[in-house]
Structure formats: structure tokens, C-alpha cells
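In my numbering, the protein residues as written are 1 to 141.
As C-alpha cells, then:
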């Protein structure tokens with residue numbers, strides 16, 4: 001599944017919800033899929049995408065979407081634990097897992113060696129997780 005195509009699917013379903021995008025290609029994909037005032041691009045802040053989205057979700061009633069990367073989320077595992085503790089019902093975290101640290105030289109990330117981010121999230125109290133590998137599965141969640 002191409003991240004750009006998946007981003008277009010998410011944007012189509014997002015309506016007017018704010019979307020926070022991880023730095024680099026994730027931000028570029030969101031911009032090209034459909035720039036709008038409700039997109040928040042986190043250039044220069046690797047590891048903070050889901051933390052920023054959590055702060056937004058805790059300060060509003062509307063649903064907030066985070067488009068994070070595996071490397072970014074691994075860089076700030078405290079975000080997963082805090083999301084699990086706070087249990088915001090209005091936060092959706094999408095993690096693009098390409099199994100590498102793309103922004104720092106394409107070294108294999110922990111997920112390339114077996115770390116399952118859905119299981120990590122569940123162990124932190126995030127009970128509703130889904131793993132998808134194609135656009136049909138993405139449309140279904």
C-alpha cells in the first residue's frame with residue numbers, strides 16, 4: 001500500500017477534522033493529497049506528531065487525526081503511554097510503518113526486528129487498534 005494513496009483515503013473520510021502530519025514524506029503526502037487550513041504539518045519535530053495531536057484532542061471535543069511514522073513514534077514512546085493513560089475518545093493515531101528511520105538514513109527501525117506497535121499500544125492501555133496492509137482494509141476501519 002502506498003502511503004500517498006492511503007493518505008488520500010484518510011483525507012476523504014476526515015471531513016473537517018484537524019489532521020496532524022509527521023515530518024518529511026508524511027507531511028508532503030498530506031499537502032499534495034489536499035492542503036487545507038485544518039492540516040498541521042510538523043516540520044522539524046520528529047517524535048512529536050502524536051503528542052501534538054494528543055494535546056489538541058484533550059483541548060477540544062472534535063476528533064483529531066495523527067498521521068505518524070514508526071520511527072517518530074518509537075522516538076517518543078511516552079506518547080503511546082500517555083495516550084493510553086488519558087484515553088481520549090476523539091483521537092485517531094495512524095502509524096505509517098515502513099520499518100525504517102527514513103529521516104535519518106533509512107536504517108532499520110525496531111519494527112523491522114519484530115516490535116509490534118499495535119501490541120505496544122495495547123500494553124499501554126490503548127485497546128482499540130487495527131493493522132491494515134491495503135486500501136480495502138483501510139477503508140473498512
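The beta-carbon is built from N, C-alpha and C at its ideal position, and this holds for glycine as well.
6 angstroms Cβ shell around residue i - same chain, five flanking residues per side excluded
{"i": "residue 7", "result": "29, 30 and 33"}
{"i": "residue 40", "result": "20"}
{"i": "residue 138", "result": "6, 9 and 132"}
{"i": "residue 87", "result": "none"}
{"i": "residue 66", "result": "20, 49, 50, 53 and 93"}
Nearest candidate by alpha-carbon position, reference residue i, set the options
{"i": "residue 89", "options": "55, 138 and 49", "result": "55"}
{"i": "residue 97", "options": "87, 111, 91 and 86", "result": "111"}
{"i": "residue 61", "options": "50, 27, 134 and 91", "result": "91"}
{"i": "residue 26", "options": "49, 82, 15 and 116", "result": "49"}
{"i": "residue 16", "options": "136, 37 and 99", "result": "37"}
Beta-carbon proximity list for residue i, same chain, < 7 angstroms, skipping 5 on both sides
{"i": "residue 47", "result": "72, 75 and 76"}
{"i": "residue 122", "result": "129"}
{"i": "residue 85", "result": "125"}
{"i": "residue 45", "result": "23"}
{"i": "residue 134", "result": "1"}
Cβ of residue i within 9 angstroms of any chain C Cβ
{"i": "residue 12", "result": "The question asks about chain C, but that chain is absent: this structure has only one protein chain."}
Residue burial classification, residue i (beta-carbon count within 10 angstroms, cutoff 16)
{"i": "residue 102", "result": "buried"}
{"i": "residue 69", "result": "buried"}
{"i": "residue 93", "result": "buried"}
{"i": "residue 59", "result": "exposed"}
{"i": "residue 53", "result": "buried"}
{"i": "residue 120", "result": "buried"}
{"i": "residue 127", "result": "exposed"}
{"i": "residue 57", "result": "buried"}
{"i": "residue 95", "result": "buried"}
{"i": "residue 141", "result": "exposed"}
Own chain residues within Cβ distance below 8 angstroms of residue i, not counting five before or after
{"i": "residue 42", "result": "20, 21, 22, 23, 27, 48, 49 and 52"}
{"i": "residue 118", "result": "129, 130 and 131"}
For the segment 99-115 and the segment 78-91, state whether three or more C-beta atom pairs, one from each stretch, are separated by less than 8 angstroms.
no
Give the list of continuous beta strand (DSSP E) stretches no shorter than 3 residues that lie fully inside the segment 6-59.
19-21 and 39-41
What are the start and end residues of each continuous beta strand (DSSP E) run of 3 or more residues lying completely inside the segment 47-122, in chain order?
64-69 and 91-96
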